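Novice: In my numbering, the protein residues as written are 35 to 365.
Each residue gets a CB set at the ideal place from its N, CA and C atoms; glycine is no exception.
Since we're looking at a predicted model, the values are computed, not measured.
So that we are looking at the same thing, I have put the structure below in structure tokens.
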Ligand SMILES: [Zn+2]
């Protein structure tokens with residue numbers, strides 16, 4: 035699932051590719067992906083708007099349009115935003131397509147269909163409203179601190195988690211405290227800071243809070259620079275990320291810890307697969323028995339790609355052609 039670095043990559047790619055372009059229309063194949071407004075209102079309201087710029091709030095892509103409108107996208111599990119020539123082949127998973135005056139389209143492709151697109155008014159305070167009325171309440175209220183914002187200091191972070199009995203991993207996943215972190219980067223940050231994910235937040239010593247704060251910022255910065263982790267379905271308009279090759283614990287179950295050589299284990303914390311080195315990350319007292327589970331790794335979306343799949347890279351297309359040839363299918 036895309037986290038802060040992946041969404042930030044999509045935002046930056048879109049700025050490079052479509053800033054200045056104007057929408058000339060579009061189509062909604064699956065209305066469930068459209069949070070607000072209804073499909074006819076959405077298409078008529080977006081038509082004629084020019085793209086002024088893009089930004090990110092939490093895990094939302096925010097596209098700023100003329101006329102005080104914001105086009106929002108949340109990729110959730112499998113969403114992808116692609117910029118393709120209007121005539122490019124599509125597939126059944128393209129839920130929303132928006133035409134640009136230069137002959138290209140922005141396509142929202144989403145296999146699981148949990149992603150969301152919204153068109154709303156920008157409020158006078160700069161926040162996204164919850165409808166096309168600029169006086170509507172903010173849509174993204176309730177989101178916590180942006181970890182790459184200068185206001186996210188070690189002191190602020192410490193104040194946020196002090197007194198909380200919640201396990202640190204669950205707290206970091208809770209978007210009401212800090213936004214943008216998901217399973218990948220929480221596991222990575224906790225390993226870097228040598229903190230066990232089941233440690234109650236309030237049991238962290240001041241130096242551990244300091245280390246964790248620094249680890250969160252460092253791993254996110256590194257992941258943004260690497261264009262995110264292309265695991266499962268994630269890809270960006272200008273192609274895959276490379277951070278998956280730099281991860282230290284996530285989905286490395288059974289492999290040696292890069293710090294101490296012990297075997298990376300997988301446990302389940304709050305229903306989420308969690309990757310730890312139990313030598314570097316000492317379990318808190320009384321939770322020593324936290325069981326381990328076997329590795330589960332889903333296929334990459336591109337493993338199901340065909341040579342015609344929209345958004346596939348050249349390498350993925352070539353792999354699809356090889357697979358098709360192996361299976362005796364004439365491509
Ligand atoms: Zn280790």
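Count Cβ pairs between the region 61 to 72 and the region 142 to 156 that sit closer than 8 angstroms; are there 3 or more?
Specialist: Short answer: they touch.
Novice: If you follow the beta strand (DSSP E) that residue 310 is in, where does it begin and where does it stop?
Specialist: Where residue 310 is concerned, the enclosing beta strand (DSSP E) stretches over 306 to 311.
Novice: Buried or exposed: which applies to residue 283, given that a residue is buried once 16 or more other Cβ atoms fall within 10 Å of its Cβ?
Specialist: Flag for residue 283 reads buried.
Novice: The alpha helix (DSSP H) that contains residue 98, what's its start and end?
Specialist: Careful: residue 98 lies outside any alpha helix (DSSP H), inside the beta strand (DSSP E) at 94 to 99.
Novice: What does the alpha-carbon distance come out to for the pair residue 196 and residue 223?
Specialist: Looking at the two C-alpha atoms, the distance is approximately 18 angstroms.
Novice: I need the boundaries of the alpha helix (DSSP H) containing residue 44, first residue and last residue.
Specialist: Per DSSP, residue 44 belongs to the alpha helix (DSSP H) from 38 to 52.
Novice: Does the Cβ of residue 332 have 16 or more other Cβ atoms within 10 Å, making it buried, or fewer, making it exposed?
Specialist: Legend: pLDDT at residue 332 = 47, less than 50; position of this residue unreliable, no value from coordinates given.
Novice: Cα separation between residue 229 and residue 302?
Specialist: If you take the alpha carbons of residue 229 and residue 302, they lie about 16 angstroms apart.
Novice: To which residues of the same chain is residue 306 closer than 8 angstroms at the C-beta, ignoring the five residues directly before and after it?
Specialist: Contacts found: 203, 207, 217.
Novice: How big is the Cα-Cα spacing for residue 290 and residue 316?
Specialist: Between residue 290 and residue 316, the C-alpha separation is close to 16 angstroms.
Novice: Would you call the region 111 to 121 and the region 241 to 254 touching, i.e. three or more CB-CB distances under 8 angstroms?
Specialist: Contact between the region 111 to 121 and the region 241 to 254 is absent, because fewer than three Cβ pairs lie under 8 angstroms.
Novice: Closest to residue 48 by C-alpha separation, out of 161, 85, 78, would be which residue?
Specialist: The candidate whose alpha carbon is nearest that of residue 48 is 85.
Novice: Taking the alpha-carbon positions, what's the residue 77 to residue 88 distance?
Specialist: Rounded to the nearest angstrom, the two C-alpha atoms are 20 angstroms apart.
Novice: Is residue 296 a contact residue of ligand 1, with contact defined as CB to any heavy atom under 7 angstroms?
Specialist: Indeed, a heavy atom of ligand 1 lies less than 7 angstroms from the Cβ.
Novice: Closest to residue 248 by CA distance: which of 258, 272, 234, 181 is it?
Specialist: It is 181 whose Cα lies nearest to the Cα of residue 248.
Novice: For the alpha helix (DSSP H) containing residue 74, name the first residue and the last one.
Specialist: First-last of the alpha helix (DSSP H) with residue 74: 73 to 80.
Novice: Can you check whether the CB of residue 280 is closer than 8 angstroms to the CB of residue 260?
Specialist: Yes, these two residues count as a Cβ contact at 8 angstroms.
Novice: Under a three-way DSSP split, which group does residue 59 fall into?
Specialist: Residue 59: strand per DSSP, three-state reduction.
Novice: Between the alpha carbons of residue 318 and residue 234, how many angstroms are there, rounded?
Specialist: For residue 318 and residue 234, the distance between alpha carbons rounds to 8 angstroms.
Novice: Would you kindly check if the distance between the Cβ of residue 245 and the Cβ of residue 227 is under 8 angstroms?
Specialist: A contact, by the Cβ cut-off of 8 angstroms.
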